[in-house]
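One structure is given below, encoded as structure tokens.
2 protein chains.
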Amino acid sequence: MTNQIRLALAQINTTVGDLEGNTNKIMEYIRKAEDAGADIVLFPELTITGYFPEDLLLKKKFIEVNKLSLKKLAIQNQKILSIVGFVDEAPDKSKIYNAAAILQAGKVSGVCHKICLPNYGVFDEKRYFTSGTQPLVFDFQGIKFGLNICEDIWVPDGVAESQGMSGDAEIILSISASPYFKQKRKERLAIASKPAKFTRSIVAYLNLVGGQDELVFDGNSFVVDQRGEVMFECAQFDEQLLIADIDISQVRAFRKNDPDYTRNKSNYKSHYQPVFLSLPTLTKNTEKKEIQYVAPAIFSEYEEIYRALILGTRDYVRKNTFKKVVIGLSGGIDSALVAAIATEALGSENVIGVLMPSEITSTASNQDAIALADNLGIEYKIIAIKEPFNNYKKLLAEHFAGKPEDITEENLQARIRGNILMALSNKLGWMVLTTGNKSETSVGYCTLYGDMAGGFAVIKDVKKTTVYKICEMINQTAGKEIIPNEILTKPPTAELRPDQKDEDSLPPYDLLDAILEEFVEKDKTIGEIIALGYDEETVKKIANLVDINEYKRRQAAPGVKITGKAFGKDRRMPITNRFRI
Amino acid sequence: MTNQIRLALAQINTTVGDLEGNTNKIMEYIRKAEDAGADIVLFPELTITGYFPEDLLLKKKFIEVNKLSLKKLAIQNQKILSIVGFVDEAPDKSKIYNAAAILQAGKVSGVCHKICLPNYGVFDEKRYFTSGTQPLVFDFQGIKFGLNICEDIWVPDGVAESQGMSGDAEIILSISASPYFKQKRKERLAIASKPAKFTRSIVAYLNLVGGQDELVFDGNSFVVDQRGEVMFECAQFDEQLLIADIDISQVRAFRKNDPDYTRNKSNYKSHYQPVFLSLPTLTKNTEKKEIQYVAPAIFSEYEEIYRALILGTRDYVRKNTFKKVVIGLSGGIDSALVAAIATEALGSENVIGVLMPSEITSTASNQDAIALADNLGIEYKIIAIKEPFNNYKKLLAEHFAGKPEDITEENLQARIRGNILMALSNKLGWMVLTTGNKSETSVGYCTLYGDMAGGFAVIKDVKKTTVYKICEMINQTAGKEIIPNEILTKPPTAELRPDQKDEDSLPPYDLLDAILEEFVEKDKTIGEIIALGYDEETVKKIANLVDINEYKRRQAAPGVKITGKAFGKDRRMPITNRFRI
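Residue numbers (this note's numbering), protein chains in the order written: chain A, 1 to 581; chain B, 1001 to 1581.
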């Protein structure tokens, strides 16, 4: 019996639909893992197709090419054992499975199917996949391994426990594509530690990294030991090949000497029946160089969100083959943060700011926007909107006869700005980034086809109070003023009519954000929120605004999910909806 | 034993989230059914909540109020047996079910849970509901009834068969919310006839009617006999209380004398175990007036689609509490059809057309648009866009220096028009209807924030060739020119640059539509479509356009689904997607 095994966790960034590119990257990492003397290399869930392919899974040819890609990898994988995520298909082609293949010695030695299919939040896996029924345990180099996929380890008393208990797996390998939201690291460690401690096994948890439309996968893969303690951990938000040397004798000693484990095992009843697979021993790489493990930086709360926004933005822009982005700079805090994120994501040479002052825009706003652009080192343009605005007003005067100025004129200004940014986008090939935050997106304090116009809504899931926190963090971390202090300290305004302040129309942001957290993120009803002690009129007003603005959000650009419930696939509300309780 | 039963099929139009309004309407129809001497009245799936409530189902209070509404109905329902759709909850509140309640004598006498939960196409029921496990059969007035919900009757060899065979149900009641797409009537009749013939029972199939966001429920409920022949049928697209007098002796005679039935029954094995419920007999209304059944009109292919678009538009506008709509009239066929639909849906007094000519717009286009408005009897306005267009060009000149005119200037014109319509909308409270058809929505031959700007995209799922067919049908049916002949005969143009024709950029529409049908609606890949005999370059070009324009469609307004696969919830493609095979 061997006690030593070298695992390689290939935390890679795949691209949805890029079967060829993903396959090449997998091969590249298999070679790296071989070079590092690894015995086993793990890849994330649905490595070949990218996560999540959505309705591409309904195309027969997509499934076929994915299977051919796996075959190609299998043939080229001769030296080590590689575990790769792919879409498996029933022999009669009537069903597909979210699957992991075990590649060894030029062929596919085994396949396991995901048993627990998430179909909540942003997930729709039951739309496509059939559930597996039997957890897999395999024997390799004298060690027993359980292999499972993402949700399989999240469902309590389930697949992982059955592998450790009924299957006697000593190391549980879990490959996943677990999307980021704030503070998820703790949650994942707690989830993986539960079966580790209960079954006294080691859990190697590999997560995808990269952005895909609304989602950011933050990586942050890890290995925990039989006490649930972190042994190894990957960087968050970066590609990495982590080498984890594991001595299994600790697990074996624990199992022998721990009375809890013995009792738990004898009492254990599972409704799963694991299947066993015995894999041939590979000639061990005898000259393994020692590899030093360096623990990654753990980000602070707001730095972590900032990094998620950077990765999500970079990957959306780059994977959709854009090089440069353009942002309307108002001199306010939202566009300041978006510009800072874009600069960090794409480089200052790829970010263009556009100031579009109206007659209402204060000199201070322009100065603040310019100071920001200078601090970030980005190019900026100034295009005044007075002329088209007056022009539209003249054009519409006879049709608006007898009606006072109202939100129409405010929206017009926002839409002129949207048109200018889109014209620059069309002519020069830049992607427009929108700057609306979650607070205003929630209550519709934004203009459809105006400030909502653009390809990616970077801070769509970031509430206003969090926008401030991130900006403060940016300045603190930099040790200097990146976001000009004036922007951080002046009261928020849309500057669409003279002397306008956000608080003229909305409750103070700390109150607004607290109520939105209950209503949007926790799905509380109006009555339940009032019962928490909030003012009835305020709660009703906010809830009503959220509900009646669903039509606006339905036409919004995608943006990075950073909370437990974002708009988009995560929160599916009918537009036509009379529920107001 | 009784042989006679009077069923009432309450094909009603509910509103999502309007629990109070729906409950009142149910009560109103219970009274109507009582007055008509019915023994049983059926209501559609999820009657109380409306179909489909989506993430409202995640709100605890929503479930609670829905249960209270059911209780209220039960108390008020004293005379007949009423079957009402609602959301049931497990006693520990950990699960919810898509359910039907049997109301009798002031209380809830029984509840059945939907067993087969659709989670494909536009459906996400597994996101919310837990499956029922046992089909329900109940005994009432000496007749055995099976009761099931929508998908339960669609899954072959399933719930309905087990009710007829294992449960000996003589009448199978199926309540549903089955969305319209073209020619679905035939499909539904075939589906319902299968268990009717196999089990020699009568199937009463009740469908919802009305529009909800992207979906239209077309009603068209029916009763088929034990040979699968239609006995009764409701109107398509209208509310109706259908009275169906059924003599069960025919079923009984068939069962006695049909050797196929006897053999099928003795061979029948089901994995379902029906539960039985015996309901107290109600004092029969002895003085039943005879009610004459009148078969509804069956619509021709294009009239049916037209009626679906009318209902979908009316309900979206009205249920979202708008009164009037505004439409940009270009003199082309798409805006002509949308104006005709809106006029039919809302009345000519509630439709405003706006002509927004540029310097490129031909006199003929203006004349055609005015002729259309006159034919429809709608008000129209003329707002020329020359000035703002020149203004934008001047404003952008220095930033566009050295670049030729291109699609940017075309988009600018479309966006100016979008801004004008939205300004009218904001100032005067009219909903903007967009006029893009499915062919151009597919390939992105439309301007985001331009002609795509608006609240409802009426013909978003109608391909260009179908637009022509519907317009021809409208004129034929009217026996006069509603859509001016010039509009029907001139070549399509966006009129965004001089002498532009759609066919300069796109293949002829009959070819384009045929390829789109394969690629979008049937999920074929490029290779598979070329194998059907289409030109390789054309197919690749179209498929690529469809794929790279996903970002536009994601920001599109909702519109009525009329095909087997519409854009929106029905087709969920990633925006970031490199698959091009």
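Where a beta carbon is used, it is the ideal one built from N, C-alpha and C, also for glycine.
Please read these numbers as outputs of a predicted model, since none were measured by experiment.
Check	Outcome
Unbroken alpha helix (DSSP H) run spanning L42(A), endpoints	Not the alpha helix (DSSP H): L42(A) falls in the beta strand (DSSP E), residues 40-42.
Rounded straight-line distance, which links the Cα of Q1004(B) to that of E1290(B)	13 Å
Exposed unless 16 or more other CB atoms sit within 10 angstroms - verdict on I542(A)	buried
Reference K561(A); option with closest CA among I378(A), R314(A), L309(A)	L309(A)
Contacting positions in the segment 1539-1557 of chain B - beta carbon closer than 8 Å to chain A	Y1551, R1554, Q1555, A1556, A1557
C-alpha gap between S1131(B) and E1440(B), whole angstroms	40 Å
Beta-carbon proximity list for I1153(B), same chain, < 8 Å, skipping 5 on both sides	V1159, A1160, I1172, S1174, S1176, I1191, A1192, P1195, V1203, Y1205
Nonlocal neighbours in the same chain, by C-beta distance under 7 Å from M1(A), ignoring five residues either side	Below a pLDDT of 50, predicted positions are generally treated as unreliable, and M1(A), at 49, falls in that range; the measurement from the model is reported next regardless. Closer than 7 Å at the Cβ level, and outside the excluded window around M1(A), lie G142.
Per-residue burial, F1140(B) [other beta carbons within 10 Å of its own, 16 or more giving buried]	buried
Alpha-carbon to alpha-carbon, G121(A) and K569(A)	7 Å
For M1001(B), three-class secondary structure by DSSP	Confidence in M1001(B) is poor, its pLDDT being 49 and thus under 50, which makes the residue's placement unreliable; the coordinate value appears in the next sentence. In the structure shown, M1001(B) sits in coil (DSSP, three-state: anything other than H, G, I, E or B).
Cβ distance (whole Å) where I1080(B) is taken to contact E1045(B) below 8 Å	Going by Cβ atoms, the distance from I1080(B) to E1045(B) rounds to 20 Å, so no, they are not a contact pair.
Within-8 Å CB hit, T1343(B) to chain A	no
K1061(B) at chain A interface by Cβ criterion, 8 Å	yes
Within chain A, the residues that D1523(B) reaches when beta carbons sit closer than 7 Å	L58, K59
Cβ neighbour criterion (16 or more within 10 Å) applied to I1271(B)	With the sequence shown as reference, residue 1271(B) is identified as His, and Ile is not the correct amino acid for it. The residue is exposed, with fewer than 16 neighbouring Cβ atoms inside 10 Å.
From G559(A), G110(A), A556(A), Y551(A), residue whose alpha carbon lies closest to that of P574(A)	Y551(A)
Rounded C-alpha distance that separates N577(A) from I1420(B)	28 Å
Inside the segment 266-308 of chain A only - alpha helix (DSSP H) runs reaching at least 4 residues	none
Start-to-end residues for the alpha helix (DSSP H) that takes in F1389(B)	1386-1396
Within the segment 298-364 of chain A, ranges of the alpha helix (DSSP H) (whole runs, at least 4 residues)	301-319, 333-346
Chain A contacts made by the segment 1111-1136 of chain B, where a contact means CB separation under 8 Å	N1119, Y1120, D1124, K1126, R1127
Option nearest P1179(B) by Cα separation, candidates S1162(B), L1068(B), L1215(B), N1411(B)	L1215(B)
Span separating the alpha-carbon of I246(A) from that of A297(A)	22 Å
Chain A contacts from the segment 1145-1172 of chain B (Cβ-Cβ distance under 9 Å)	none
Proximity below 8 Å, CB of L376(A) to CB of A345(A)	no
Proximity to I382(A) [Cα-Cα], best of T493(A), R554(A), A369(A)	A369(A)
Residue burial classification, D1374(B) (beta-carbon count within 10 angstroms, cutoff 16)	exposed
Chain-ordered chain B contacts of Q212(A) [CB-CB under 8 Å]	P1574, T1576
Where R6(A) falls: helix, strand or coil (DSSP)	strand
Complete beta strand (DSSP E) runs within the segment 1430-1518 of chain B (minimum length 3 residues, chain order)	1431-1434
Beta-carbon neighbours of E387(A), restricted to chain B and to distances below 7 Å	N1391, L1395
M27(A): contacting residues in chain B (beta-carbon distance under 8 Å)	Neighbours of M27(A) on chain B: none; closest Cβ ~17 Å, over 8 Å.
Whole-Å CB distance - P960(B) paired with D1502(B), under 8 Å assumed	No answer is possible for residue 960(B): it lies beyond the span of chain B, which begins at 1001 and ends at 1581.
Straight-line gap, V1325(B) to T1435(B) (C-alpha atoms, nearest Å)	12 Å
Residues within the segment 1399-1416 of chain B neighbouring chain A, beta-carbon criterion of under 8 Å	H1399, F1400, K1403, D1406, I1407, T1408, N1411, L1412, R1415, I1416
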